[in-house]
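A short write-up of the structure that comes next.
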Amino acid sequence: MKDLVSGLVKKLREKGLRVTEQRRAILEALAKSEAPKSAEETFSALPADTCDLVTAYRCLEQFEKAGIIELGVRENGTKVYCLGHGHGHHHHLTCRSCGHTERVDLCVGKELEKIGVGYGFTKITHLMEAFGICPECR
């Protein structure tokens with residue numbers, strides 16, 4: 000985990016972002032997580048008095064814009080964030096019942112981009128998550 004956080008700290012500096020104690024703590028909280036976390040969940044995982052919730056939101060948004068973390072969306076529309084863990088762009092399969100999340104290293108982004116270009120769109124991005132019921136909740 001330390002190597003992962005150190006690598007992300009280096010990326011922050013390369014992107015021109017200062018590395019504050021709050022930002023480091025947020026990266027560490029995400030590195031410890033086994034599933035994507037919302038801003039509130041990330042904030043709750045921080046040591047007491049690290050920062051306020053607004054600062055956590057701002058840091059997560061800055062990290063996402065800088066490509067340090069990836070954005071996902073839960074079925075209820077809540078934004079969630081996770082580290083790429085060196086594997087790049089990915090998606091998640093999340094249990095509707097218990098919230099268990101599996102990483103899915105499959106993306107149809109290129110196909111969606113071709114379709115979008117066919118309609119005349121440019122600067123195409125996507126968020127894609129899959130939901131179901133895990134074996135334990137069946």
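Mapping of the sequence shown onto numbering that gives the first Met the number 0: position 67 corresponds to residue 66, and the numbering continues sequentially without gaps.
Every residue, glycine too, gets a C-beta built ideally from N, C-alpha and C.
When DSSP states are grouped into helix, strand and coil, G71 belongs to the strand group.
With fewer than 16 other Cβ atoms inside 10 Å of its own Cβ, T121 counts as exposed. H90 is the residue among C133, G66, H90 whose C-alpha sits nearest the C-alpha of V72. Sequence-distant partners of V18 (beyond 5 residues in either direction) whose C-beta falls short of 8 Å from its own C-beta, in its chain, are V8, L11, R12. In the DSSP annotation of this structure, the continuous segment of the beta strand (DSSP E) that includes A129 starts and ends at 129-131. CA-CA distance, L126 to L111, rounds to 11 Å.
In the DSSP secondary-structure assignment, R102 is bridged to H91.
In the DSSP secondary-structure assignment, Y80 is bridged to K36, L70.
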